[in-house]
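Step one of this worksheet: look at the structure below.
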Amino acid sequence: MAVVTWQNVFWTLPPLAINTMLQPSGSVCGFDIDLRTYLCISPIVCAADSFAILIRFLVCWIHLGSPDTAAHATLAARFPGPSQEAPNTQGPQALEHLPFARWIFGFLLGALPAWIKLLSFKGVPWTQAWGCMFLVQFVLIETLGMLQRLDRSPPTTGLLTFRTQQMLRFVDWLCGKIALVTHFMLSIWFLHSLSQISTFANWLWSRSPDTTNVGIAAFSTMAAFPGIVWVGLTLFIKGRNFAGNTLFMTHTTKSLIFLFALATNIAWPVGYSYTSALSRRARNEQTAIHGIGWDVIVFVVALPIGLSVSIITERLAIFQWWKEHILFCQRGAPRSSIETAAWTFTMFLSTVVLAVLWYAFRYEPQGTLKPSWAEVFG
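According to my numbering, the residues represented by the sequence shown are 4 to 381, in order.
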């Protein structure tokens, strides 16, 4: 038995994530079907989508009478058009139509060994939970596909009452909103965790602790007030439209920027008191670094990088190859769809980068165990 290094535990996740991302999953949590690949990089989104799938399948089973017909109806709701295939299969998404290759290289040689290896580890419950979220969605969709082949009747979602269909769309909408908010809040927490070891925060504190504290807190506090309005508009006014999931993708990150500011300092008096308290405790350098590191990393480093990547990604859509093979946008897609695809691609990149950094710098191997036979799986 040996401890589980960060490399051991981290490299079990990419095969599970890739296996799910390359699956023909259809519309994930009611979002635009073209966004399915990059959305599935998030285990939170996968878990929410799995819950929505189960709810829809059980409701269809109750109303339609058989599991195979319910599976057919569930998949029909996830794929637009009579062919029940995604309309865009450019780039990596084309692998969705190669089931033999996906099962051999994606599952049997990739996800399955990684899952067995991950289960053998002791002391890594959260990583095992992430892996389980990826795998459950994969198993659910593949099971629905197998049940669908037993049903020879045409899709029967039209037999559901209008109220039932509205309820199921609301479940998709709600699961998508909760998943994205949770994902981005976890991303902010990861940034906060990484900021506590930031040499940049240490340098900034050493230059001018009082000015730095007050300046950053003031910026965060003033951003909190428009943040309240922005979040309200995004989550409530936009949220009333069940078809607004695509718009929500664009606005969620912006909303959470302000939510972060709101959580940091709710109002100017509170923020000023907070920074004054830090200034009075200037002798405790580590406390001050932790206090300002949160603001510094997010506002000065991470957000400009993320916004720049998103803007550059969107501008590169002038090249047809980039738009179709990287952003997975169809020909003639409106600007709003391209912007949403760029945000989703940025979410994909930021999730990968944050995961690598967190496991490399914040993962603690103490208390973990790895059996010797796990080396057989790489």
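For each residue, glycine too, the CB sits at the ideal point set by N, CA and C.
The model shown is predicted, which means the values in this text are computed figures rather than measured ones.
(Q) I want to know whether the region 99-117 touches the region 22-33 - three or more CB-CB distances under 8 Å. (A) yes
Q. Apart from the five residues on each side of it in sequence, which residues of its chain come closer than 8 Å, Cβ to Cβ, to V142?
A. Stepping through the sequence shown from its first residue, residue 142 is reached at position 139. Excluding residues within five positions, none has a Cβ falling inside 8 Å.
Q: May I have the straight-line CA-CA distance separating F13 from F165, to the nearest angstrom?
A: Residue mapping note: residue 13 aligns to position 10 of the sequence shown, counting from 1. Residue mapping note: residue 165 aligns to position 162 of the sequence shown, counting from 1. Those two C-alpha atoms are separated by around 45 Å.
Q. Should R81 and S45 be called a contact, given that it needs their Cβ atoms to be closer than 8 Å?
A. Stepping through the sequence shown from its first residue, residue 81 is reached at position 78. Stepping through the sequence shown from its first residue, residue 45 is reached at position 42. Not a contact, by the Cβ cut-off of 8 Å.
(Q) Let me check understanding here. Comparing Cα to Cα, which of K373, H328, Y366 lies closest to L197? (A) Here residue 197 is taken as the residue at index 194 of the sequence shown, counted from 1. The shortest C-alpha separation from L197 is found at Y366.
Q.
Between which residues of its own chain and T349 is the CB-CB distance below 7 Å, once the five residues before and five after are set aside?
A. Taking the sequence shown and counting its residues from 1, one reaches residue 349 at position 346. Taken in chain order, the residues that qualify are G309, V312, S313, T316.
(Q) Taking the straight line between their C-alpha atoms, what separation do you get for F54 and L19? (A) The sequence position of residue 54 within the sequence shown is 51, counting from 1. The sequence position of residue 19 within the sequence shown is 16, counting from 1. For F54 and L19, the distance between alpha carbons rounds to 18 Å.
**Q.** For Q169 and W376, the rounded distance between their alpha carbons
**A.** Here residue 376 refers to the residue found at position 373 of the sequence shown. Here residue 169 refers to the residue found at position 166 of the sequence shown. Looking at the two C-alpha atoms, the distance is approximately 50 Å.
Q) To which residues of the same chain is A344 closer than 6 Å at the C-beta, ignoring the five residues directly before and after it? A) Here residue 344 corresponds to residue number 341 of the sequence shown, with the count starting at 1. Result list for A344: L330, C332, in chain order.
Q: Could you tell me the boundaries of the alpha helix (DSSP H) in which A132 lies?
A: Here the question's residue 132 lines up with position 129 in the sequence shown. Start and end: 128-153.
Q) Relative to the alpha-carbon of M188, which residue among Q10, Y362, S353, V6 has its alpha-carbon at the smallest distance? A) Against the sequence shown, residue 188 aligns to sequence position 185. If we check each option's Cα against that of M188, S353 comes out closest.
Q. If you run the structure through DSSP and keep just helix, strand and coil, what is A336?
A. As a first step, residue 336 is located in the sequence shown; it is residue number 333 there, counting from the start. Correct three-state label for A336: coil.
Q. Per DSSP, what kind of secondary structure is L330 in: helix, strand or coil?
A. Translated into the one-based positions of the sequence shown, residue 330 becomes position 327. Of the three classes helix, strand and coil, the one that applies to L330 here is coil, per DSSP.
Q: Please say whether T77 and F103 have beta carbons closer to each other than 8 Å?
A: The residue given as residue 103 occupies position 100 in the sequence shown. The residue given as residue 77 occupies position 74 in the sequence shown. Their beta carbons are not under 8 Å apart, which means F103 does not touch T77 by this criterion.
(Q) Quick check on DSSP: helix, strand or coil for G242? (A) Translated into the one-based positions of the sequence shown, residue 242 becomes position 239. Reliability of the predicted coordinates at G242 is poor, the pLDDT of 43 falling under 50, and the value obtained from them is presented with this limitation in mind. DSSP places G242 in helix when its eight states are reduced to three.
Q: Quick one: which unbroken alpha helix (DSSP H) runs of 4-plus residues sit fully inside the region 19-60? Chain order, please.
A: 39-42
Q) With S340 and D52 assumed to form a contact (beta carbons below 8 Å), what rounded beta-carbon distance in angstroms separates them? A) As a first step, residue 340 must be located in the sequence shown, where it is residue number 337. As a first step, residue 52 must be located in the sequence shown, where it is residue number 49. In fact, because the Cβ distance is near 20 Å, the residues do not count as touching under 8 Å.
Q: For L372, name the three-state secondary structure that DSSP assigns.
A: If you number the sequence shown from 1, residue 372 lands on position 369. Of the three classes helix, strand and coil, the one that applies to L372 here is strand, per DSSP.
Q: Can you grab the Cα-Cα spacing for the pair A363 / C178, in whole Å?
A: Numbered from 1 along the sequence shown, position 360 holds the residue referred to as residue 363. Numbered from 1 along the sequence shown, position 175 holds the residue referred to as residue 178. Cα to Cα, the separation comes out at about 31 Å.
**Q.** Nearest-angstrom beta carbon gap, T146 and L16 [assumed within contact, 8 Å]
**A.** In the sequence shown, the residue the question calls residue 16 occupies position 13. In the sequence shown, the residue the question calls residue 146 occupies position 143. Wrong, their Cβ atoms sit about 22 Å apart, outside the cutoff.
**Q.** Exposure of I107, with buried meaning 16 or more beta-carbon neighbours within 10 Å
**A.** Counted from its first residue, the sequence shown places residue 107 at position 104. With fewer than 16 Cβ atoms within 10 Å of its Cβ, I107 is classed as exposed.
(Q) For W361 and S190, I'd like the C-alpha separation in whole angstroms. (A) Indexing the sequence shown from 1 puts residue 361 at position 358. Indexing the sequence shown from 1 puts residue 190 at position 187. Going from the Cα of W361 to the Cα of S190 covers about 10 Å.
Q) Are F193 and L357 touching if we call contact CB-CB under 8 Å? A) By 1-based counting over the sequence shown, the position of residue 193 is 190. By 1-based counting over the sequence shown, the position of residue 357 is 354. Yes, the Cβ-Cβ distance between F193 and L357 is below 8 Å.
Q) Who are A79's beta bridge partners in DSSP? A) Numbered from 1 along the sequence shown, position 76 holds the residue referred to as residue 79. Partner(s): none; A79 has no beta bridge.
**Q.** Per DSSP, cross-strand counterpart(s) of A5
**A.** Position 2 of the sequence shown holds residue 5. Answer is K373, bridged to A5.
Q) I think F380 touches Y41, with their Cβ atoms under 8 Å apart; what is that distance to the nearest whole Å? A) Taking the first residue of the sequence shown as position 1, residue 380 is located at position 377. Taking the first residue of the sequence shown as position 1, residue 41 is located at position 38. Not a contact, Cβ separation roughly 27 Å.
Q | Where V48 falls, given that 16 or more other Cβ within 10 Å makes a residue buried | A | Taking the first residue of the sequence shown as position 1, residue 48 is located at position 45. Result: buried.
**Q.** Short Cβ contact (8 Å threshold) for L153 with D37
**A.** For the purposes of this step, residue 153 is taken as the residue at position 150 of the sequence shown. For the purposes of this step, residue 37 is taken as the residue at position 34 of the sequence shown. Not a contact, by the Cβ cut-off of 8 Å.
Q | Closest Cα partner of W64 within the set T167, D175, K326, H186 | A | Translated into positions along the sequence shown, residue 64 becomes position 61. Measuring from the Cα of W64, the nearest candidate turns out to be T167.
**Q.** Residues of its chain near R105, where Cβ-Cβ distance is below 8 Å and the 5 sequence neighbours each way are ignored
**A.** Taking the first residue of the sequence shown as 1, we reach residue 105 at position 102. Counting only Cβ-Cβ distances below 8 Å, and skipping sequence neighbours, we find N22, L25, Q26, L98, E99.
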